[in-house]
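For what it's worth, my numbering labels the leading residue of the sequence shown as 1, then goes sequentially.
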Amino acid sequence: MAQPAPEKVDRKARSQLPAVTAQVRPPDERVRDFDEILILHTPEEAIAEASRCLQCANAPCQQACPLHNDIPHAMERLAAGDFLGAAAVYRRTNPLSEVCGRVCPERFCQDACTLKRLDKPLDTRRLEAFTATFARTLAGMPTPEIAPSSGKRVAIVGAGPAGLTVAEKLTCMGHTAVVFEHHPHPGGMMLYGIPRFKLGLEIVEAKLAWLEALGVEIRCNVSVGRDISLPQLLAEYDAVFLGAGAQEQYRADLPGETLEGAYDATQFLCRANLPAELLPEAWRAPLQVGARVHIIGGGNTAIDCMRTALRLPGVQEVTCYYRRSVQEMPAEPEEYRHVLEEWGNFVWLTCPAEFLGDAEGRLRAITYQRMRLCAPDESGRCRPECVPGHEITLEADTAVLALGYRPNKQLLASVPELRLGRGGVVEVDAPETGRTSVPGLFAAGDVVHGANLLAPAVAHATGVAQAIDEYLRA
Ligand SMILES: Cc1cc2nc3c(=O)[nH]c(=O)nc-3n(C[C@H](O)[C@H](O)[C@H](O)COP(=O)(O)OP(=O)(O)OC[C@H]3O[C@@H](n4cnc5c(N)ncnc54)[C@H](O)[C@@H]3O)c2cc1C
């Protein structure tokens, strides 16, 4: 935790300094392209904003950060204009600082800031983004010290944030990390999920190039379970890390769901956001998107699909249909604010019943069922139920189903001794150590927690790398 120095800090004076919050581009401008919407602080603005930090003794921001970044110390360095020093503070705990500063929700460090109770919280997330990007562009990313080779080899399934974090940490500890990645390019949901206007491609690419230079071997287009089995990896390597995420999408299982023009969220996001060379062969044809786009779901992915659709040429109207109401919607408030600014529409208490096509098999309309809310279910949210006789059919050119993700059942079933929990996630002894029921097999990230967020995946993967190191040296 941060070392408090209350006698040196005039908290009252600092709390009265004006906030210098990073802005996003105006909605009318940003919906015209896929460039990042965030406008980073200038160095002068970053110094001014960091100077507001109250250096709280109990550092609530640091406690709320899944990675426990030493935010007060980073703010102290930033306020002194020592940008590289601040970047080094973040790097100690966060190997994906540049990414997290852009995609973390407000509810971690920022909402915990003491200044939130007085006025505006410190812009902690965006200061992290500024610091990491400024340091990378100014000085590059420094190469860490690498321990002498242990002669041990670890197979890592999945090149997402969890797998890449484990690969980085193990390489620095002197082990050989070989990453097996199903997609044509590494990055996981950082690339094949999060849209480019939230996280620029060059940020992910810079990190990947750095990992490659560090000596991490990533074998793309290799699907574990299809091209090589999990038991084979367990036999051939000294340990295996499972970072396969939660990539399997829930389906609606409704008539017409496979009509041309009806997409699942991942395919839609990837094809709209990524250059063709990063896509699997089958997804390289341009998307056929019409004027009226229907997005089905109420989570962050649904909002990302809406905002992506709003940026596509020819689209006139993007509407999200959600079976509960705005109060139950799981999307982050900031994401909801952004899509409203970009003219996305919402229809609540509405659930699709059937997708209707024309003679050529193309989507033309969707029949929706009116819902009402009943008593809360096990998730604590009010359960939706159909209102009989209330249906409506609406014209649609494109539908995107964003109904949530779960881990891949087939991959996990290939090791019968692997204990699974509710929702098909991998059971581990503790998130920070990630030992599964199979000796030598470790797991972290979305494959353990279900579809979640990036910072917890990185935090747990960091702890698991330590546990793998201990296992290899035992
Ligand atoms: C659309 C979308 C938007 C998001 N937005 C945000 C956001 O704004 N902020 C935030 O914090 N989080 C966000 N997330 C969540 C975040 O991206 C994930 O929580 C995080 O990426 C999980 O990391 P992971 O490494 O566990 O899994 P993943 O990122 O899913 O990576 C798993 C990797 O394993 C690979 N893989 C899977 N099966 C196999 C196999 N059999 N063989 C080989 N490789 C395999 C996959 O191809 C993938 O590369 C978003 C997610 C989505 C889908």
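We put the beta carbon where it would ideally sit given N, CA and C, even for glycine.
Just so it is clear, the structure is predicted and the values come from calculations on it, not from any experiment.
Between residue i and residue j, what straight-line distance do the alpha-carbon atoms span, to the nearest angstrom?
i              : j              : result
valine 347     : glutamine 369  : 12 Å
leucine 191    : glycine 361    : 31 Å
alanine 13     : aspartate 119  : 13 Å
glutamate 432  : leucine 411    : 23 Å
tryptophan 210 : methionine 141 : 7 Å
proline 384    : glutamate 328  : 10 Å
threonine 308  : alanine 80     : 39 Å
alanine 206    : alanine 112    : 30 Å
glycine 421    : glutamate 427  : 6 Å
alanine 291    : leucine 310    : 10 Å
glycine 261    : arginine 419   : 38 Å
asparagine 58  : threonine 42   : 29 Å
valine 9       : isoleucine 194 : 39 Å
leucine 312    : valine 289     : 8 Å
arginine 107   : aspartate 70   : 17 Å
alanine 365    : arginine 32    : 27 Å
proline 388    : leucine 394    : 18 Å
valine 447     : valine 425     : 6 Å
alanine 444    : alanine 359    : 47 Å
arginine 30    : valine 20      : 21 Å
arginine 337   : serine 223     : 38 Å
glycine 440    : leucine 472    : 9 Å
proline 280    : arginine 251   : 21 Å
glycine 151    : threonine 165  : 20 Å
methionine 189 : proline 121    : 29 Å
Who are residue i's beta bridge partners in DSSP?
i              : result
valine 458     : Looking at the DSSP assignment, valine 458 forms no beta bridge with any residue, so it has no partner.
valine 154     : Ala177, Ala239
proline 352    : Tyr368
valine 20      : None, per the DSSP bridge assignment.
alanine 443    : Leu242
asparagine 345 : Thr319
glutamine 249  : Tyr405
glycine 357    : Leu363
cysteine 386   : Met371
leucine 420    : Val426
valine 224     : Ile228
valine 400     : Tyr263, Ile295
isoleucine 39  : Gln23
arginine 219   : Phe180
arginine 435   : Phe442
glutamate 332  : In the DSSP output, where bridge partners are listed per residue, glutamate 332 has none listed.
Closer than 8 Å by C-beta to residue i: which residues in its own chain qualify, once you throw out the five before and the five after it? Chain order, please.
i            : result
serine 414   : Gly225, Ser229, Leu230, Pro231
arginine 323 : Gly298, Leu349, Thr350, Cys351, Met371, Pro384
glycine 248  : A quick correction: the sequence has glutamate, not glycine, at residue 248. The answer, listed in chain order, is Tyr405, Arg406, Pro407, Asn408, Lys409.
leucine 274  : Leu191, Tyr192, Arg196, Leu201
Give every residue of the same chain whose Cβ lies closer than 7 Å to the Cβ of residue i, excluding the five residues on either side of it in the sequence, and list them in chain order.
i              : result
tryptophan 283 : Gln267, Cys270, Arg271
alanine 451    : Ala246, Gly404, Tyr405
isoleucine 47  : Leu78, Ala79, Gly81
methionine 306 : Ile295, Val318, Cys320, Val339, Gly344
arginine 102   : Leu38, Ala129, Lys198, Leu199
leucine 259    : Phe355, Gly357, Gly361, Arg362, Leu363
alanine 135    : Phe83, Leu84, Ala87
tyrosine 237   : Arg153, Val154, Ala155
histidine 68   : Gln62, Thr93
proline 27     : Glu341, Glu342
valine 216     : Ala167, Glu168, Thr171, Ala177, Val179
alanine 139    : Leu84
Between residue i and the rest of its own chain, which residues show a CB-CB distance below 6 Å, the 5 nearest in sequence each way excluded?
i              : result
isoleucine 296 : Tyr321, Pro352, Leu401
glycine 187    : Val204
arginine 25    : Ile37
methionine 75  : Ala50, Cys53
proline 456    : Pro66
valine 293     : Ala309, Val315, Val318, Thr398
cysteine 104   : Arg125, Ala455
leucine 214    : Thr171
arginine 11    : Leu54
glutamine 468  : In the sequence under discussion, the amino acid at residue 468 is isoleucine, which differs from the glutamine named in the question. For isoleucine 468, where only same-chain residues beyond five positions count, the Cβ hits under 6 Å are Ala239, Phe442.
glutamate 257  : Phe355
alanine 276    : Arg284
arginine 381   : Glu328
Counting only C-beta atoms, is residue i closer than 9 Å to chain D at any point?
i           : result
alanine 331 : Annotation note: the requested chain D is absent from the structure, which comprises a single protein chain.
### Query
Does the stretch 142–162 come close enough to the stretch 170–181 that 3 or more CB-CB pairs lie under 8 Å?
yes
### Task
Say whether the stretch 432–445 touches the stretch 463–474, bearing in mind that this needs 3 or more beta-carbon pairs closer than 8 Å, one atom from each stretch.
yes
### Query
Quick check: the stretch 96–104 against the stretch 125–133, are there 3 or more CB pairs under 8 Å?
yes
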